[in-house]
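Q: Got a structure for you, questions after.
Numbering (the numbering used here), first residue to last: 168 to 274.
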């Protein structure tokens with residue numbers, strides 16, 4: 168009996184859950200309000216899940232597409248960079264920009 172690989176969609180959604188929890192914790196640590204934290208996480212999640220659907224559909228048609236789509240973390244940081252422009256508090260903006268800068272440095 169062979170094991171089936173985990174669906175691409177599952178990898179991405181599990182990564183979103185983990186990364187969102189970590190980001191929410193860091194925003195709370197930076198004294199960002201719960202309401203703003205929720206708005207930020209919701210905005211990131213919305214963008215991320217839309218892209219995840221596109222990625223999953225593409226990979227269902229051609230598994231080799233995985234080689235050219237962003238990693239779950241890369242997609243998360245890309246969504247952060249889009250949301251970072253619209254945050255209200257300086258503390259949240261600073262933390263989100265640090266995420267993006269760290270990713271750019273790492274890449």
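Every residue, glycine too, gets a C-beta built ideally from N, C-alpha and C. All values reported here derive from a predicted model rather than from experimental measurement.
Can at least three beta-carbon pairs, one atom from the stretch 216–225 and one from the stretch 254–272, be found at a separation below 8 Å?
A: No contact exists between the stretch 216–225 and the stretch 254–272.
Q: Smallest Cα separation from residue 174: which of 198, 264, 273 and 229?
A: Considering only alpha carbons, the answer is 229.
Q: Shortest alpha-carbon distance to residue 271 belongs to which of 244, 250, 197 and 222?
A: It is 244.
Q: Assign residue 204 to one of two classes, buried (16 or more other C-beta atoms within 10 Å of its C-beta) or exposed (fewer than that).
A: By the 10 Å Cβ count, residue 204 comes out buried.
Q: Give me the Cα-Cα distance between residue 157 and residue 222, rounded to the nearest whole angstrom.
A: In the structure as shown, the chain starts at 168 and stops at 274, and residue 157 therefore has no counterpart that could be examined.
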